[in-house]
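Here is the structure we will look at.
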Amino acid sequence: MSGVTFQQAGDEVLEVLAELLDTHQRRLADAEVKVMILMAFGPVDEDGERVGPALKHQGQPALGVVRSVPLKYRIAGLGDAEVLLDGDAWEEMDEWERLALLDHELEHIDVIYEERPRERDEQQLPGVDDSSKGRPALDSAGRPKLRMRHHDRTFGWFDTIARRHGGASQEVKQARDLVEQTGKLYVGEQLAAKTEVEPPRRRKPPHQGAHR
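Each residue of the sequence shown is one higher than the one before, counting from 12 in the numbering used here.
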């Protein structure tokens, strides 16, 4: 039986990355963040059947994982952020699902900015947000500093607890709060809707071997 294997993302994946960097994730392109993508493939048995997940996050199977690349590897010329994608699952996804998955992983990447210096005679106006970002903060390799953004919502639910305790359980309370706070964003018609986003337009992929 083979273990998990990795390979560099092909042009098809990098075209999706290029599309996102030019649209929804323009902030990363503006900060010249170099994103490195690897495809992970799960272990298979002697018959070539998949016997385990390609990726895990906090002990659970995951379709994607992202991290900030350590400084020593940045200095060696690698990327600023590393995205791992489940290559087995990717092959089964349509264009919209691929776009959504990679967009999700990129959303975790948060650029750290220098505080914009305030002019001597400039005053903060009450109730006005004038916190314009300065330039991206740089590390000793001259690359933009990054941090990982947490999910807006994270749940740890047991179906058995929800069934056993109903509205007294945190599972049901959180589900009720989710609907009250977001309406039909995650339920109802949204479950059947595909997307309002156009599929990738086959842009020229960014080169993974050099900084953007």
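By construction, the Cβ of each residue, glycine as well, lies at the ideal position given by its N, Cα and C atoms.
In the DSSP assignment, find the beta strand (DSSP E) that holds Gln-19 and state where it starts and stops.
16-19 is the span of the beta strand (DSSP E), which, as asked, contains Gln-19.
Got a sec, what are the start and stop residues for the alpha helix (DSSP H) Ala-111 sits in?
Element bounds for Ala-111: 106-118.
With a threshold of 8 Å on Cβ separation, who are the neighbours of Ser-13 within its own chain once the five nearest residues in sequence on each side are excluded?
Excluding positions up to five away in sequence, the list reads Pro-54, Val-55.
Give the range of the beta strand (DSSP E) segment to which Ile-48 is assigned.
Counting along the chain, the beta strand (DSSP E) containing Ile-48 begins and ends at 46-52.
Can you tell me where the beta strand (DSSP E) with Ala-179 in it begins and where it stops?
Note, Ala-179: premise wrong, no beta strand (DSSP E); not H, not E.
Kindly indicate the opening and closing residues of the alpha helix (DSSP H) around Glu-26.
Per DSSP, Glu-26 belongs to the alpha helix (DSSP H) from 22-32.
Taking the alpha-carbon positions, what's the Asp-188 to Gly-178 distance?
Each residue's Cα considered, the two are about 11 Å apart.
Can you tell me whether Lys-57 is helix, strand or coil according to DSSP?
Before going on, a small fix: residue 57 reads as Glu here, not Lys. Correct three-state label for Glu-57: coil.
Of all the options Phe-166, Asp-114, Pro-81, which has the alpha carbon lying nearest to the alpha carbon of Gln-185?
Of the listed residues, the one whose Cα sits closest to Gln-185 is Phe-166.
With a Cβ-Cβ cutoff of 7 Å, do Leu-66 and Asp-97 count as a contact?
Their beta carbons are under 7 Å apart, which means Leu-66 touches Asp-97 by this criterion.
Return the Cβ separation of Asp-150 and Lys-144 in integer angstroms, given the expectation that the two are a contact with Cβ distance under 8 Å.
With 8 Å as the limit, Asp-150 and Lys-144 do not qualify as a contact, their Cβ atoms being about 17 Å apart.
Tell me whether Trp-101 is buried or exposed, calling it buried when 16 or more other Cβ atoms sit within 10 Å of its Cβ.
Label assigned to Trp-101: buried.
Excluding the 5 residues flanking Gly-63 on each side, which residues of the same chain have their C-beta closer than 6 Å to its C-beta?
So the list reads Gly-53, Pro-54, once near-sequence residues are dropped.
Do the CB positions of Ala-152 and Glu-125 come within less than 7 Å of each other?
Against a cut-off of 7 Å, the Cβ pair of Glu-125 and Ala-152 comes out as no contact.
Under the three-state reduction of DSSP, which class applies to Gly-75: helix, strand or coil?
Gly-75: strand per DSSP, three-state reduction.
Within its chain, find whatever has a CB closer than 6 Å to the CB of Gln-181; leave out the 5 residues flanking it on each side and keep chain order.
Nothing meets the Cβ criterion.
Taking just the CA atoms, how far does Leu-82 sit from Gly-21?
Cα to Cα, the separation comes out at about 25 Å.
Once DSSP output is grouped into helix, strand and coil, what is the label at Tyr-124?
Note: Tyr-124 maps to strand in three-state DSSP.
Between Asp-33, Leu-49, Gly-70, which lies nearest to Ala-92 when the distance is taken from Cα to Cα?
Of the listed residues, the one whose Cα sits closest to Ala-92 is Leu-49.
Considering Cα atoms alone, identify which of Ile-86, Asp-99, His-35, Val-46 is closest to Glu-60.
Among Ile-86, Asp-99, His-35, Val-46, the Cα nearest to that of Glu-60 is on Asp-99.
Rank Arg-158, Leu-95, Trp-107, Gly-70 by C-alpha distance to the C-alpha of Asp-121 and give the top, closest one.
Selected option, being the one with the closest Cα: Arg-158.
Taking the Cβ atom as the reference point for each residue, do Val-80 and Gly-90 lie within a distance shorter than 7 Å?
Taking 7 Å as the Cβ cut-off, Val-80 and Gly-90 qualify as a contacting pair.
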